[in-house]
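The structure appears right after this line, and notes come after that.
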Amino acid sequence: MTELSRRTLLRAAALTGAAAATGLVAATPASAAEVANGPWLVSVGWGVLQIDPGRTTPRPLLPDGDHAKTSPDGRYVAWVNSAWSGDGTLLPYVAVHDRVTGQKRTLLADPPGVRYGAPTWSPDGREIALVTGKQSDTLIAVDVATGGTRVLVQGHAMGSPDWSRDGSMIVMHWRSRSEGPQLRVLEVATGEVRRLYAPQVGERFSGPVFTPDSQRVVFCTTRWYPHLETLNQSLASVRVGGTGLKKLTDEPRFYLSPVFSPDGRYCAALSIPPENEYPDGGNIIVSTSGFGAQWWIPGDEYDDSTRLDWARAI
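In this text, residue positions in the sequence shown follow my numbering: the first is 2, and each later residue adds one.
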């Protein structure tokens, strides 16, 4: 088989998987309330790219800002910017992009020095939660309609919040002053914060996200291959009660920013194909929600990527 034929077959196989995952073909029997999966969004630090269903080449969606996250109904994209320009044309902001009209609406705007972390949507689409503060020590909820804010948690360094689909919890990376880095869960109704996961000595972890049923949290961790020279982060999960740690991926590979499809049947992440000579970029790897068969979405590498999102079709 020629190299060209091999690449063509691999690309076709990947697109077949992508078509199933993005709702272009039926992956499983459709339910009455079937949700159609839409494009992937890749935040690359200096803007946001969109990879449309059935395609592999990204197109620019947002020219600046970072950490894009799509609303539960798929229409809006929230994203943040903490950089600024000397002439004042670019200042820190939290904004919402309308995927239908293309309009941008700024929710928060601040002078240089204010930092905003990755946003996450409430399941009803009314609020966006994100970390702010000079020490990244305040988790706030922003009312999307009014721009009003309320403090959810304050006093510890936090990052990467994710709101559960049932609306009851927010999981986040947390740095305890006495216990060090860990994952913690905020009970939204009561304001109680409890420890979910504490790493081993030297372990790095990131990107916590709830499973679609809100019963477990999936995250990236270096727990299982600490002595390998190759860059690696496995995917793992733990129950929301803090028990039942499970390794989800079998091979030493680097995973970043896991995200579940809107219909809940697939999980995607940024990863580095084995043929990449340097770990300076990534492609999208998709698996079933049970983390069985995997396939790559071939195409461009996304250098310095920070976040992957999976939007609902509109």
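Just so you know, even glycine gets a beta-carbon here, dropped at the ideal spot from N, CA and C.
These numbers come from a predicted model, not from an experiment.
In DSSP terms, what residue i is bridged to
i: Asp65; result: According to DSSP, Asp65 bridges with nothing at all.
i: Ser83; result: None, per the DSSP bridge assignment.
i: Lys247; result: Ser238
i: Ala37; result: BP columns for Ala37 are empty, so no partner.
i: His174; result: Gly160 and Leu184
i: Gln155; result: Thr139
i: Thr150; result: Val143
i: Tyr198; result: Leu184
i: Trp311; result: Trp41
i: Arg60; result: Gln51
i: His98; result: Val78 and Lys105
i: Thr1; result: As displayed, the chain neither begins before 2 nor continues past 315, which places residue 1 out of reach and without an answer.
i: Glu128; result: Asp144
i: Arg254; result: Bridge partners of Arg254: none, in fact.
i: Ala110; result: Tyr94
i: Thr71; result: Val78
i: Thr121; result: Ala130
i: Arg116; result: Answer is none; Arg116 lacks a bridge partner.
i: Arg217; result: Arg240
Identity of the residue in the options nearest residue i by Cα
i: Asp264; options: Thr231, Arg313 and Lys247; result: Arg313
i: Trp297; options: Thr307, Gly291 and Asn284; result: Asn284
i: Val260; options: Met159, Thr147, Arg106 and Cys221; result: Cys221
i: Arg151; options: Val143, Leu62 and Ala158; result: Val143
i: Thr107; options: Gly208, Ile52, Ala146 and His174; result: Ala146
i: Arg237; options: His228, Trp41, Pro253 and Leu229; result: Note that residue 237 is Ala in the sequence shown here, rather than Arg. Nearest of His228, Trp41, Pro253 and Leu229 to Ala237, Cα basis: Pro253.
i: His157; options: Arg176, Arg185, Gly46 and Pro54; result: Arg176
i: Ser44; options: Gly66, Ser137 and Glu35; result: Gly66
i: Pro64; options: Gly55, His98, Gly192 and Thr71; result: His98
i: Cys268; options: Val210, Asp167, Pro274 and Thr71; result: Val210
i: Thr71; options: Arg60, Ala96 and Thr57; result: Ala96
i: Gln216; options: Asn233, Val241 and Val78; result: Val241
i: Phe196; options: Ser83, Ala79, Gly243 and Leu140; result: Per the sequence shown, residue 196 should be read as Arg rather than Phe. That would be Gly243, whose Cα lies nearest to the Cα of Arg196.
i: Leu249; options: Ala294, Pro213 and Leu232; result: Ala294
i: Gly126; options: Asp167, Pro112 and Leu140; result: Asp167
i: Pro93; options: Pro54, Gly103 and Lys135; result: Lys135
i: Ser207; options: Gly192, His174 and Thr191; result: His174
i: Trp311; options: Val194, Ala270, Trp47 and Leu140; result: Ala270
i: Glu276; options: Trp80, Pro299 and Glu35; result: Pro299
i: Thr231; options: Ser262, Pro213, Pro274 and Val239; result: Pro274
i: Val36; options: Leu140, Arg308, Gly75 and Gly148; result: Gly75
i: Val81; options: Asp111, Val239 and Leu229; result: Asp111
i: Pro54; options: Ile315, Gln155, His228 and Gly39; result: Gly39
i: Asp251; options: Ser258, Tyr226 and Arg266; result: Tyr226
Euclidean distance between Cα positions of residue i and residue j
i: Ser306; j: Pro182; result: 23 Å
i: Ala28; j: Gly291; result: Any reading at Ala28 is ruled out, since the residue's pLDDT is 43, under 50, leaving its predicted position unreliable.
i: Tyr256; j: Val218; result: 15 Å
i: Leu153; j: Ser169; result: 13 Å
i: Pro200; j: Arg224; result: 8 Å
i: Val101; j: Thr289; result: 29 Å
i: His68; j: Ser83; result: 11 Å
i: Val78; j: Leu50; result: 12 Å
i: Pro73; j: Val172; result: 17 Å
i: Arg178; j: Leu246; result: 24 Å
i: Ser235; j: Gly203; result: 15 Å
i: Tyr198; j: Val186; result: 9 Å
i: Lys105; j: Leu62; result: 12 Å
i: Glu302; j: Ser137; result: 30 Å
i: Gly192; j: Arg205; result: 27 Å
i: Gly103; j: Asn233; result: 38 Å
i: Pro59; j: Leu140; result: 32 Å
i: Trp41; j: Pro213; result: 17 Å
i: Leu188; j: Val239; result: The question names Leu, but residue 188 is Glu in the sequence shown. So the alpha carbons of these two residues sit roughly 17 Å apart.
i: Ser262; j: Leu309; result: 11 Å
i: Ser272; j: Ile286; result: 6 Å
i: Ile52; j: Arg266; result: 19 Å
i: Ile315; j: Gly48; result: 22 Å
i: Gly148; j: Gly46; result: 24 Å
The ligand NAP heavy atom lying under 8 Å from the CB of residue i
i: Leu187; result: Among the components of this structure there are no ligands whatsoever, and the ligand NAP is therefore not found.
Problem set entry | Three CB pairs or more closer than 8 Å across the segment 148–163 and the segment 121–132 | The segment 148–163, when compared against the segment 121–132, does touch it at the 8 Å Cβ threshold.
Problem set entry | Inter-stretch contact at 8 Å, needing at least 3 Cβ pairs: the segment 107–118 / the segment 129–140 | yes
Exercise. Of all the beta strand (DSSP E) runs that stay within the bounds of the segment 257–304, which reach a length of 3 or more residues?
Worked result: 267–272, 284–289 and 295–298
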